[in-house]
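Engineer: For the sequence shown, counting from 1, position 17 maps to 17 in our numbering; every step adds exactly one.
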Amino acid sequence: MDRILRGVMRYRHTDRKTMVEQFIQVKNNPVPKAVFFTCMDSRMIPTRFTETNVGDMFVVRNAGNLIPHSQHFLDEYTTNEPAALELGCVVNDIRHIIVCGHSDCKAMNLLHKLRDEKFASKDNRRISPLRAWLCTHAQSSLDKFQQLELAGYHTPLIFQSETPMRKFIAYIDPDDRFSIEDKLSQVNCLQQVQNIASYGFLKKRLETHQLHIHALWFDIYSGDIFFFSRQNKRFIEINENTVEKLTDEVNRYYS
Ligand SMILES: [Zn+2]
Numbered sequence: 001m002d003r004i005l006r007g008v009m010r011y012r013h014t015d016r017k018t019m020v021e022q023f024i025q026v027k028n029n030p031v032p033k034a035v036f037f038t039c040m041d042s043r044m045i046p047t048r049f050t051e052t053n054v055g056d057m058f059v060v061r062n063a064g065n066l067i068p069h070s071q072h073f074l075d076e077y078t079t080n081e082p083a084a085l086e087l088g089c090v091v092n093d094i095r096h097i098i099v100c101g102h103s104d105c106k107a108m109n110l111l112h113k114l115r116d117e118k119f120a121s122k123d124n125r126r127i128s129p130l131r132a133w134l135c136t137h138a139q140s141s142l143d144k145f146q147q148l149e150l151a152g153y154h155t156p157l158i159f160q161s162e163t164p165m166r167k168f169i170a171y172i173d174p175d176d177r178f179s180i181e182d183k184l185s186q187v188n189c190l191q192q193v194q195n196i197a198s199y200g201f202l203k204k205r206l207e208t209h210q211l212h213i214h215a216l217w218f219d220i221y222s223g224d225i226f227f228f229s230r231q232n233k234r235f236i237e238i239n240e241n242t243v244e245k246l247t248d249e250v251n252r253y254y255s
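#1: Going by C-alpha to C-alpha distance, which of L211, V243, Q186 sits closest to F235?
#2: Going by alpha carbons, who is nearest to E117 out of R131, A151, D104?
#3: Between D41 and ligand 1, is there a pair consisting of the residue's CB and a ligand heavy atom that are separated by less than 6 angstroms?
#4: Shortest alpha-carbon distance to F201 belongs to which of S70, E237, K33?
#5: Would H102 and A34 qualify as a contact pair, given that the criterion is a beta-carbon distance under 7 angstroms?
#6: Identify whether N62 lies in helix, strand or coil by the three-state DSSP scheme.
#7: Could you spell out the range, first to last residue, of the alpha helix (DSSP H) harbouring E21?
#8: Indicate whether C100 and T38 have their beta-carbon atoms separated by less than 7 angstroms.
#9: Taking the beta carbon of V59 as the centre, do at least 16 other beta carbons fall within 10 Å, making it buried, or is it exposed?
#10: Can you tell me whether DSSP reads Q231 as helix, strand or coil?
#11: Report the option in L148, T163, V193, R205 whose CA atom is closest to the CA atom of P174.
#12: Between the beta-carbon of V193 and the beta-carbon of A215, is there less than 7 angstroms?
#13: Please state whether DSSP places F201 in a helix, a strand or coil.
#14: Examine ligand 1 and report whether any of its heavy atoms sits within less than 6 angstroms of the Cβ of A107.
#15: Going by DSSP, which residues form a beta bridge with H137?
#16: For V193, report the span of its beta strand (DSSP E) as first-last.
#17: For L150, does the three-state DSSP call read helix, strand or coil?
#18: Go through its chain and collect everything with a Cβ distance to I238's Cβ below 8 angstroms, but skip five positions before and after it.
#19: By how many angstroms is the C-alpha of G7 removed from the C-alpha of T208?
#20: One question on the structure: do M40 and A63 come within less than 7 angstroms of each other, judged by their Cβ atoms?
#21: Does the beta-carbon distance from I196 to I172 come in below 7 angstroms?
#22: Determine the direct distance from the alpha carbon of M9 to that of L114, and round the result to whole angstroms.
#23: Tell whether a beta-carbon distance below 7 angstroms holds between H261 and E181.
#24: For E244, name the three-state secondary structure that DSSP assigns.
#25: Following the continuous beta strand (DSSP E) through G7, name the residue where it begins and the one where it ends.
#26: Which residue comes first and which comes last in the beta strand (DSSP E) that contains I169?
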């Protein structure tokens, strides 16, 4: 806490004035670009690695960057994530949703262990909200991952995207660069695209191409960031050689 208080004091003397000016600008002309879902991991600082600023993104963070599927909620029961989708995409009319997973994700490492029935038992879920959260809302990611595992990691997975008619194919880590848990993290990230599209209040926007869902993946070890290219059917590293093509793809498919 000491570090936080000293940090606030440094902020007061450095960034505060500029930020207040930016708050005024944003208030008068709000044009947020994206709703950004990512993991709560302390190494993930999305505004820094996307160089975005005040007013650019609505950021939602939780353990494992999950967006629960709409099937889990009846009547008014809900969690934060669908409410955040409504606040971002309906109330503020944001047109892009980004889900960003990462390597060495503690939630994904735990999810991988939850394949063990004893570890994921009802008694264990009752004493661990984290296990309960993952077992309930990331089971679909685990199921997809098991399909991949059974096929020896080479067969592509099929995900539903914005509408049931629009599916996309994904080869997961075809160069076999990442660990098993990191492959699961990539599958989980893509599974969230499907979960987001399950909400009725987004249906019309998704059907009429006014709202788009993207997936990013951050490699903690190298600092590289990958964009899921539907055209290439895989995560592509964003770098000097790929950025133009990826920008073209985004403009062509998602504008
Ligand atoms: Zn994480």
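Heads up, the beta-carbon is just placed ideally off N, CA and C, and yes, glycines get one too.
Structural biologist: Taking the coordinates as given:
#1: Out of L211, V243, Q186, Q186 has the C-alpha closest to the C-alpha of F235.
#2: Checking every option, the nearest Cα to that of E117 belongs to R131.
#3: Yes, the beta carbon of D41 sits closer than 6 angstroms to at least one heavy atom of ligand 1.
#4: The shortest C-alpha separation from F201 is found at S70.
#5: At least 7 angstroms separates the beta-carbon of H102 from that of A34.
#6: N62 falls in the strand class under three-state DSSP.
#7: Membership of E21 in the alpha helix (DSSP H) is indicated by the continuous run 16 to 28.
#8: Remark: C-beta atoms of C100 and T38 approach each other more closely than 7 angstroms.
#9: Around the beta carbon of V59, 16 or more other beta carbons sit within 10 angstroms, so the residue counts as buried.
#10: Coil at Q231, not helix or strand.
#11: For P174, the closest alpha carbon among the candidates L148, T163, V193, R205 is that of L148.
#12: At a Cβ-Cβ threshold of 7 angstroms, V193 and A215 count as neighbours.
#13: If DSSP states are grouped into helix, strand and coil, F201 belongs with the helices.
#14: A107: yes, Cβ under 6 angstroms from ligand 1.
#15: Its beta-bridge partners do not exist; DSSP assigns none.
#16: Counting along the chain, V193 falls outside any beta strand (DSSP E), though it belongs to the alpha helix (DSSP H) covering 180 to 196.
#17: L150: helix per DSSP, three-state reduction.
#18: The residues D224, I225, F226, F227, L246, in chain order, have a CB closer than 8 angstroms to that of I238 in the same chain once the five nearest residues on each side in sequence are set aside.
#19: Their backbone Cα atoms lie some 45 angstroms apart in a straight line.
#20: Going by C-beta atoms, M40 is nearer than 7 angstroms to A63.
#21: For I196 and I172, no; Cβs fall outside 7 angstroms.
#22: Between the alpha carbons of L114 and M9 lies a gap of roughly 43 angstroms.
#23: Summary: the structure shown does not reach residue 261, with the chain confined to residues 1 through 255, and so no result is reported for it.
#24: DSSP places E244 in helix when its eight states are reduced to three.
#25: Counting along the chain, G7 falls outside any beta strand (DSSP E), though it belongs to the alpha helix (DSSP H) covering 2 to 13.
#26: Where I169 is concerned, the enclosing beta strand (DSSP E) stretches over 167 to 170.
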